[in-house]
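Residue numbers (my numbering), protein chains in the order written: chain A, 1 to 550; chain B, 551 to 869; chain C, 870 to 1171.
Ideal Cβ positions, reconstructed from N, Cα and C, are used throughout, including at glycine.
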């Protein structure tokens, strides 16, 4: 295997560090946001090494430069967000300065927050002395303006596309927003929501800049509050960021970050090998050996990630649990992970990754047992198998190597009489299709998720989030037994008890098999050895702040 | 000559109109709702309804065509779904990059083709002729995308002489030298096939002239072979050679598409490839419309050049 | 290479009307002359062999082209049991090349045949009837010439959606105009010959003239042209598959195999470039044969 970051602390249940927002909401007391101590400590520790400077070239795993607007970046999955992350900040963000645990959400543009009204109203205390790159002050007005852009159809800045995308994480509605003072505002939702987690991907844009440039124009010259500001765009080829000298936090160490779109995974390996780029993620299994022999650093980590096919449970044959289970017995996950993916992934034995506090030691994995699969199919009335059409992306964020993987699965399933016809899409187009949920006649849709938080279980399995409201549950799976458990879990303040509830949900889901469970990816990142200060976070994204080049 | 040129220019009008019809037909061949296809899967119902009204999708096809043509005439090719920018500017940007690559490949193809062809013709049936024609045959047979892959492995990865793709270096890129460095491999991959074709044409044309009586007369007068070749034979063979060269340059405008994909060259071929993946129909159709216009003009230029060099053409071309 | 926008000026002037379709006796003479070109004869034999192997895929392919063997992925050429190695999913390369050859050859040849039929008919009609008919047909042909062949084919294939039949249609549309032009000019020069004039004057029914006299006189030009483009069209068709416009996974095809193996170029370079070999080889063999055929038909150039 590849260079592993120190794993000792990963043995701790990572969920311990997460914000216990409902404990707070029940007490209706002030909850101080998690401090930035770890964040600042990390900065301090790496700055003690004294290095700084350099121009870093980062390759994103999409083929094109889309609009750089932070609030529509989800149209590219999480890929674009990673690249524009130095320019933008949200009220909260994952603290990616930590590699010991799955990064917890910490206050960034919010210094702290209070929960009122049983958790339905959040009072945000904003950070002082923050300005956008164009000089616009960060304050309650700017914050409210941003939320109106997403959630208030009556506001002039309302941007439907951004709403459609961001509502995947925080569906709303926001029933009211009020400014308390210049640096305090309140936000009320119809039900208690874990907003500190849900809003971590909602990054703030400069109202002045959007008003001046328009939505599409803003996408060509984005303005945020982050430690780096946009400096240059070469259409279709690259964009550049340089340090923002009035940044409120510890200064970025790099002199410049250049981002190039290189959608083809092999092309990213080639560019790393030849030294044209410094960092790339989502590298193909066959690229690792050449990278290492070219002297490049390859990092992996076990992080919350699942790669699966979501069955269309609305229609035959996948409305039959026996069929879904049968298929789960028909695929050879070990071979998929160890041969096709050469150990850059581990077989999925349950939804939770090993070492997480949701991991259920008593849950039996689906073994590779084609004979059993055939028998189960026969019991379900499909002794002669059936034909079905499945859709998958050809690339994309967290997608590993979808086509070879899908072809391998296709060949496994053929052995039990299930003939899968594959239809492939480029990532951006695929996401567009995926967010519309499975079409009639489509048996399954492939996707990968990076679920770190309790609310993911609701987004994917609770009745409330059935499409079109919750576009992530593409297979229309529900089970009435899950809903009360989920509500209970959200309201549970005790971490161990909440984990027990999540485990109960997982048992139901695992037995219902709404997915063809496949693998957990190991987050392969490739680095030019000149890159210093890189923190191998256990999350999809990493941060650029501590990085410099020698 | 002038009246010939005028006639050819007038004839362009129906051709260009026809090209717009072809693209219009393609829009309607897209399965599903054209408004949905043109705005993308995340578009709102309201936006689709607005576009449907704008394109007159509920009206008869000729009316729709008229409305659409009106937009095209105003250089409004719609908005890219993936980039949310006007298609016209995206296509124009990419086209310039394609032009650079196609021009470089054409220069390479013509120089190499001319060289090989002359060698082959002047040493007909000799080893030089056979090897030159062998190289030409290989050049035309080897798929450009395959050649491109091989060049990347050998000259960008095993021996790191050239970059693996792109048009400029990320850091301080964009100088003419930098672009030239990025051009070498894709231009060789794209130019191989046209080089083979040019070589064959040059050989055939030169041989044709060599058979003429006046060459024997020149030799009899004691002129050196190189004088005969460069002052008498080549000028006579030139019209046919130039025509093929022009046609190859035109071919390269589209032919570099495969190479652009292999080398991520940010031209129209690559744009088309990305847009296919993104189902970005406005860009796909915009590229086709734009390139057809350029291509028609280029073919016109080649024909006019041919006519200027070879008066027989002017009279032989009919309506 | 889909010779730019179509036939060159020289091709348009062409051998039209000179020889016509040779009588059976002359065919044998031509065959004898062709056999004198040993290189071309060998090329023909090799090409014939490749085609036969592909046609007989169920008999000749050593493995199931879709059977994955994940533990044995990217085996190099020459591995036991896998003569040409295995691909990224551990499927036998040779079997995939043989089965893929069927698709590749069909996608290369079918558009030429369709182009020959449709383009030939249009050219014949245009050349024979002249006047308005000819103008309309030639203008329509000009419109298709307004697009670079590669881009037009991509555009059509994209709008039709992925699939082998769609690639064939797209390529056929691109080929029709050049065949039509070649046929049209051959028809015009054939029509000017005396026996056709005589037949017309004697009041023989139009259709029978066209069928029995003209076709035999005109056919050699479009046939020769179409034969010369089969190789480039095979390369072109594989290219469209390389772009993912044709066949869908897991079915094999040379161009899509090449694309699929791109990710393995660095770890298994030999295996990864293998699918390009049959594409180039088929094009090269067809080129050699085509040149020999042209020399045989037109000895002046030899």
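{"Check": "Where residue 723 of chain B meets chain C, residues with beta-carbon distance less than 8 Å", "Outcome": "Chain C residues near residue 723 of chain B: none, gap ~24 Å exceeds 8 Å."}
{"Check": "Bridge-paired residues (DSSP) for residue 445 of chain A", "Outcome": "A:310 and A:391"}
{"Check": "Below-8 Å beta-carbon distance, residue 422 of chain A vs any chain D residue", "Outcome": "Here the protein chains are A, B and C, and chain D is not one of them."}
{"Check": "Neighbour flag for residue 785 of chain B against chain C, beta carbons, 8 Å", "Outcome": "no"}
{"Check": "Classification of residue 103 of chain A by the beta-carbon crowding that lies within 10 angstroms, buried from 16 upward", "Outcome": "buried"}
{"Check": "Beta carbon proximity, residue 1133 of chain C to chain A, threshold 8 Å", "Outcome": "yes"}
{"Check": "Pair within 8 Å by beta-carbon distance, residue 327 of chain A and residue 460 of chain A", "Outcome": "no"}
{"Check": "Below-8 Å beta-carbon distance, residue 1122 of chain C vs any chain A residue", "Outcome": "no"}
{"Check": "The ligand MN heavy atom lying under 7 Å from the CB of residue 350 of chain A", "Outcome": "As for the ligand MN, it is missing from this structure, which has no ligand bound."}
{"Check": "Buried versus exposed call for residue 367 of chain A [16 or more other C-beta atoms within 10 Å across all chains shown]", "Outcome": "exposed"}
{"Check": "Simplified DSSP state of residue 48 of chain A, which is helix, strand or coil", "Outcome": "Here the model assigns residue 48 of chain A a pLDDT of 47, short of 50, so the residue's position is not dependable, and the following value carries that caveat. In this structure, residue 48 of chain A counts as coil in the three-state DSSP scheme."}
{"Check": "Residues of its chain near residue 420 of chain A, where Cβ-Cβ distance is below 7 Å and the 5 sequence neighbours each way are ignored", "Outcome": "388, 390, 410 and 413"}
{"Check": "Backbone CA spacing between residue 1042 of chain C and residue 1115 of chain C [nearest angstrom]", "Outcome": "16 Å"}
{"Check": "Alpha helix (DSSP H) runs wholly inside the stretch 289-355 of chain A, at least 4 long, in chain order", "Outcome": "321-330"}
{"Check": "Interface residues of chain C facing residue 408 of chain A [CB-CB closer than 7 Å]", "Outcome": "937, 939 and 958"}
{"Check": "Where residue 1122 of chain C falls: helix, strand or coil (DSSP)", "Outcome": "coil"}
{"Check": "Near-chain A residues of the stretch 703-723 of chain B (beta-carbon distance less than 8 Å), N- to C-terminal order", "Outcome": "706, 707, 710, 713, 714, 715, 716, 717, 718, 719, 720 and 721"}
{"Check": "Collapsed DSSP secondary structure at residue 240 of chain A in the structure displayed", "Outcome": "strand"}
{"Check": "Simplified DSSP assignment, three categories, for residue 60 of chain A", "Outcome": "strand"}
{"Check": "N-terminal and C-terminal residue of the alpha helix (DSSP H) that residue 232 of chain A is part of", "Outcome": "Not the alpha helix (DSSP H): residue 232 of chain A falls in the beta strand (DSSP E), residues 228-234."}
{"Check": "Burial state of residue 631 of chain B (16 or more Cβ within 10 Å)", "Outcome": "buried"}
{"Check": "Per-residue DSSP class, three states only, for residue 755 of chain B", "Outcome": "helix"}
{"Check": "Local conformation of residue 537 of chain A per DSSP, three classes", "Outcome": "coil"}
{"Check": "Residue 567 of chain B, buried or exposed, once every other Cβ within 10 Å from all chains shown has been counted against 16", "Outcome": "exposed"}
{"Check": "Buried or exposed by the 16-neighbour rule on C-beta atoms within 10 Å, applied to residue 256 of chain A", "Outcome": "buried"}
{"Check": "Residue-chain proximity (residue 1017 of chain C, chain B), Cβ-Cβ < 8 Å", "Outcome": "yes"}
{"Check": "Euclidean distance between Cα positions of residue 245 of chain A and residue 125 of chain A", "Outcome": "24 Å"}
{"Check": "Per-residue contacts from residue 744 of chain B into chain A (C-beta, under 7 Å)", "Outcome": "Those do not exist, as residue 744 of chain B stays about 26 Å from chain A at its closest Cβ, beyond 7 Å."}
{"Check": "For residue 752 of chain B, the nearest candidate out of B:663, B:782 and B:812 (CA to CA)", "Outcome": "B:663"}
{"Check": "C-beta contact flag for residue 1090 of chain C and residue 1052 of chain C at 8 Å", "Outcome": "yes"}
{"Check": "Distance CB(residue 841 of chain B)-CB(residue 698 of chain B) smaller than 8 Å", "Outcome": "no"}
{"Check": "Distance CB(residue 169 of chain A)-CB(residue 539 of chain A) smaller than 8 Å", "Outcome": "no"}
{"Check": "Identified DSSP bridge partners for residue 1084 of chain C", "Outcome": "None, per the DSSP bridge assignment."}
{"Check": "Same chain, Cβ closer than 8 Å to residue 479 of chain A, five either side skipped, listed in chain order", "Outcome": "461, 508, 509 and 512"}
{"Check": "DSSP three-state assignment for residue 972 of chain C, whether helix, strand or coil", "Outcome": "helix"}
{"Check": "Boundaries of the alpha helix (DSSP H) in which residue 427 of chain A is found, first to last residue", "Outcome": "427-435"}
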